[in-house]
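S.K.: Residue numbers (the working numbering): 47 to 726.
Glycine included, every Cβ here is placed at the ideal spot set by N, Cα and C.
Quantities reported herein were computed from a predicted structural model and do not represent experimental measurements.
Here you go, one structure.
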């Protein structure tokens, strides 16, 4: 066993038995490299990564490769989910070196001073299909290190300069708050829309739920029917496709084909959070039951398979089981028929189960003879609950894919937001309890002295929180306050937001840095601005700041959000669609506003008001509830609520719309007004 055996990361522990003399990222590895005058080989991945498993089996478990690595290099393993700060910097290096052809595993060669000079993704054992192999590559790196050190130093310097230039280009000052940016974003998204199958671009096709959230907000503000149609087409195709687990619920990471049929089978917590948020909002906009059912199926999967006994949410489930990708999820026709008996024929027609299989392997072009359950779009029939339960029971007998059971603060923040949003919209107390329990876990185990930690596993909380940890957790707590109106949740959100502003701002204004003040010094202190599989922390922070500004009455928060927008002027003008989550915040700021304070009495009126609001799609609205036993707690966070009180012993509703405040309304009057409004 190598040094990784002492780590907590499931990914690092997967490599603890390799013959490679792995080090975790840290001073020990780089001091050894300096002492022995060797380059450092950093391999970044995560425990549910299919191609990371492939490279491990081919190379890191191989004695020949291990001997080469141990002789010529100091080898370091990094879990990208534990250390997204390191991964983010090295991924930027890969994008510069490989011109955007990047992913995981990510392999980077560094000097002992942590200066990168080479980057690649998956590397086979031997040269293959024009791709250099480990056996040939390691001697080349070693020879260059010994005989062409000046070239390596020049390469490292060029990479560092390119990184600095790239960040400077993205973060360029200006004024970019105009509605024209939102128009341009909608036009770019429409130009990239796949009208035949939904989604954006070709294969591989990712869910991109933050883009769907933007389209729903655009439709709400402008009445743009095309925006709603794109969101609905995409969500409908995803719900029908193989990317949706029709038996057990939840969504796979992405589709390898344009039609959403053949997924990459791993399941990530952040996808469950973001997709269920989009489905919940689509249900609020349209009232279509398919969206609510899809959100519920996803949330039930997370509650059943991805929730720790203490309430936190696990990170991911692997694509592979028994050494084969997707084996847990696909069906042979014989197994399918045996599981269902007399229900098999009808179910097979609904789920497109064929005797010879129903999909082609994207990598090989072969048909493996098995089936991915999916529904033909437009089909009205749905699998019966009886058939689904039988298939689920049969599937549970199979060896399950590996589950990564570390608990990450940022991903939990997203999932808390999703559960709280669904609890409010669907009136589901179980979802509120799931959000409450997870929030209690994070604040009880990963929050101390106003500072968040990033990872919890096996009884240990560790690693300083990054921007996403703060921004996503604040988002989750704000949604949780809006679902249960527990003032303590709002107080914690406001305090964490203050900590974020203090620890991540730096001295140059504009966006927030990804790593906090005092963090480990890497070759560049990055600011992340573009959305990826998850929305970027700066975009979520901007949305939070706008909402907190209106909840607290403190305009400094919104002004700080506008600094982020202005700092991205050039990037927003050139590629606004890559900032979809920031566009969501801008849509809410540009639209009609409604800020509500409910002064609750003991007449049940507050519940009637919050119920009416919960069924009404108003993404930019803020709601505060001042309870009879408040004791000044709400006014401590939102001073302007101090004068709000019940009227004549009954609940009163104080409403400000578009900056103009009216006289208080009774709960009955306001609830009736909201219920009378048509869906968007």
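1) Is residue 726 helix, strand or coil by DSSP?
2) To the nearest whole angstrom, what separates the beta carbons of residue 517 and residue 583, a pair I think is in contact under 8 Å?
3) Roughly how many angstroms lie between the CA atoms of residue 597 and residue 528, to the nearest whole one?
4) Can you grab the Cα-Cα spacing for the pair residue 276 / residue 197, in whole Å?
5) Who are the Cβ neighbours of residue 701 in its own chain at under 6 Å, not counting the five residues just before and after it?
6) Starting from the C-beta of residue 254, find all residues in its chain whose C-beta is less than 7 Å away, skip the five residues before and the five after it, and write them out in chain order.
7) Could you compute how far the alpha carbon of residue 727 sits from the alpha carbon of residue 76?
8) Quick one: grab the DSSP three-state call for residue 625.
9) Using CA coordinates, which residue listed in 670, 100, 81 is at the minimum distance from residue 533?
10) Which residue wins for smallest C-alpha separation from residue 564, given the options 523, 618, 497, 540?
11) Tell me, please, whether the CB atom of residue 694 is closer than 7 Å to any CB atom in chain B?
12) Does the stretch 451-463 come within contact of the stretch 294-312, defined as at least 3 CB pairs closer than 8 Å?
13) What is the DSSP secondary structure of residue 151, counted as helix, strand or coil?
14) Taking residue 302 as the reference, give the member of 294, 287, 171 with the closest Cα.
15) For the putative contact between residue 202 and residue 157, defined by C-beta atoms under 8 Å, what is the C-beta separation to the nearest angstrom?
16) DSSP three-state call for residue 23: helix, strand or coil?
17) Where residue 48 and residue 91 are concerned, what is the direct C-alpha to C-alpha distance, given to the nearest angstrom?
18) Can you give me the C-alpha to C-alpha distance between residue 479 and residue 266, rounded to a whole angstrom?
19) Suppose you measure from the CA of residue 375 to the CA of residue 365; what does that come to, to the nearest Å?
20) Quick check on residue 696: does DSSP put it in helix, strand or coil?
21) Count the other C-beta atoms from every protein chain shown that fall within 10 angstroms of the C-beta of residue 27, then say buried if there are 16 or more, exposed otherwise.
22) What's the C-alpha gap between residue 360 and residue 126?
23) Is it buried or exposed for residue 291, if we count other Cβ within 10 angstroms and need 16 for buried?
24) Excluding the 5 residues preceding and the 5 following residue 230 in the sequence, name in chain order all residues of the same chain whose CB lies nearer than 7 Å to its CB.
25) Which word fits residue 271, buried or exposed, when buried means at least 16 other C-beta atoms lie within 10 angstroms of its C-beta?
26) Does the Cβ-Cβ distance between residue 79 and residue 120 come in under 7 Å?
27) Counting C-beta neighbours from all protein chains within 10 Å, is the total for residue 704 16 or more, i.e. buried, or is it exposed?
28) Can you check DSSP and say which residues form a bridge with residue 668?
29) Below 8 Å on the Cβ atoms is my contact criterion, and I expect residue 539 with residue 523 to pass it. Report the Cβ-Cβ distance as a whole number of Å.
30) Does the Cβ of residue 605 have 16 or more other Cβ atoms within 10 Å, making it buried, or fewer, making it exposed?
31) Select from 151, 284, 715 the residue whose C-alpha is nearest the C-alpha of residue 104.
32) Would residue 572 be called buried (16 or more neighbouring beta carbons within 10 Å of its own) or exposed?
33) Could you check whether residue 648 and residue 696 sit closer than 7 Å to each other, using their CB atoms as the reference points?
34) With distance defined between alpha-carbon atoms, name the residue in 425, 54, 82 nearest to residue 70.
35) Just the Cα atoms here: how many angstroms apart are residue 635 and residue 593?
36) Could I get the ranges of all uninterrupted beta strand (DSSP E) runs contained in the stretch 92-137, with 3 residues as the minimum, in chain order?
M.R.: The answer reads as follows:
1) The predicted position of residue 726 is uncertain, since its pLDDT is 43 and thus under 50; no value can be drawn from it.
2) 4 Å
3) 11 Å
4) 50 Å
5) 642, 708
6) 246
7) There is no way to answer for residue 727, as the model of the chain reaches only from 47 to 726.
8) helix
9) 670
10) 497
11) No chain B is part of this structure, which consists of one protein chain only.
12) no
13) coil
14) 287
15) 6 Å
16) The requested residue 23 is not part of the displayed model; the chain covers only 47 to 726.
17) 18 Å
18) 30 Å
19) 9 Å
20) strand
21) Residue 27 is absent from the model: the chain starts at 47 and stops at 726.
22) 15 Å
23) buried
24) 622
25) exposed
26) yes
27) exposed
28) 641
29) 4 Å
30) exposed
31) 151
32) buried
33) no
34) 54
35) 9 Å
36) 120-125
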